[in-house]
Ligand SMILES: CC(C)(COP(=O)(O)OP(=O)(O)OC[C@H]1O[C@@H](n2cnc3c(N)ncnc32)[C@H](O)[C@@H]1OP(=O)(O)O)[C@@H](O)C(=O)NCCC(=O)NCCS
């Protein structure tokens, strides 16, 4: 799978599966979002090479999906401008369920990259891993993410009140899910 997305700035972005040389860029993006302190319930950045590489090897061993958005004009690790992962559920009896996580670098948000990599990750997770349903969760304050997920067909199925406590604030966790066949029947373009 390889696709070129042209942004309204004229920049051409390559969408493709994860490779080993992306690891540093992916974790840079993750750590930048942790520093923003607004979107993920994680307090400490991931710095060690061992953690970063173990993540990569685990994804490849388990055949999990990680779709990358790359700006080929930039040098590594800054070329990796977004990532969407669909992991397996932790439960033996939920192999039909994928768990979605996504990050787009701040400078590249609101250009349609998130929408594109989520759509491709969902399709690949059905094709390659036989997933039927995608679940995710996010802070109730993350209006951009919730808007985008709803636009793609995700439904809110619950809210865990005050589930996270960060920097003296409580955050509600919104739980969302999407059945891939419903998604495919509504998204016949691309
Ligand atoms: C959430 C995220 C992945 C979305 O990626 P993206 O590339 O910015 O998404 P897109 O450009 O495809 O879509 C964003 C949409 O939200 C809209 N939007 C922006 N700010 C918004 C707001 N405050 N409220 C509602 N909608 C908003 C945009 O207009 C756009 O919609 P449109 O295409 O209909 O105009 C990205 O912004 C991000 O990485 N955020 C920080 C990390 C994060 O929140 N990860 C998800 C944790 S659950």
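Numbering (the working numbering), first residue to last: 23 to 212.
The C-beta atom is built at its ideal place from N, Cα and C for all residues, glycine as well.
All of these numbers come straight from a predicted model, not from anything done at the bench.
- prompt: Nearest CA to the CA of residue 182: which residue from 163, 189, 172, 175?
  reply: 163
- prompt: Nearest to residue 71 by CA position, among 45, 106, 100, is which residue?
  reply: 45
task: Could you check the C-alpha separation between residue 212 and residue 101 for me, to the nearest Å?
output: A caution first: residue 212 carries a pLDDT of 48, below 50, which makes its placement in the model too unreliable to give a value.
task: Have a look at the DSSP bridge pairing and note the partners of residue 34.
output: 28
message: Restricting to Cα atoms, I'd like to know which of 56, 32, 74, 58 is closest to residue 42.
response: Taking each of 56, 32, 74, 58 in turn and checking the Cα distance to residue 42, the smallest one comes out for 74.
- prompt: Whole-angstrom Cβ separation of residue 120 and residue 108, contact assumed at under 8 Å?
  reply: 4 Å
field: For residue 59, the residue or residues it bridges with in DSSP
entry: None, per the DSSP bridge assignment.
task: Using 7 Å as the cut-off, classify the Cβ of residue 24 as near or not near the heavy atoms of ligand 1, replying yes or no.
output: Residue 24 has its Cβ no nearer than 7 Å to any heavy atom of ligand 1.
message: Does the beta-carbon of residue 132, which I'm using as the reference point, lie nearer than 7 Å to any heavy atom of ligand 1?
response: yes
Own chain partners of residue 148 with C-beta closer than 7 Å, once the 5 adjacent residues on each side are dropped: 202
query: Can you name, in chain order, every residue of its own chain whose Cβ lies under 6 Å from the Cβ of residue 89, other than the five neighbours on each side?
result: 106, 139, 142, 143
- prompt: What are the boundary residues of the beta strand (DSSP E) that residue 186 is part of?
  reply: 177-188
task: For residue 87, count neighbouring Cβ atoms within 10 angstroms of its own Cβ and tell me buried if that reaches 16, exposed if not.
output: Its Cβ being crowded by 16 or more others within 10 Å, residue 87 is buried.
- request: Alpha carbon to alpha carbon, how far is residue 150 from residue 180? Give it in angstroms, no decimals.
  value: Answer to the nearest angstrom: the Cα atoms are 29 Å apart.
- prompt: Which parts of the segment 103-188 are runs of the alpha helix (DSSP H), unbroken and 4 residues or longer, counting only runs that do not cross its ends?
  reply: 135-151, 165-174
- request: Assign residue 198 to buried or exposed, taking buried as 16 or more other Cβ atoms, counted over all protein chains shown, within 10 Å of its Cβ.
  value: buried
query: What do you get for residue 113, buried or exposed, if any count of 16 or more other CB atoms within 10 angstroms of its CB means buried?
result: exposed
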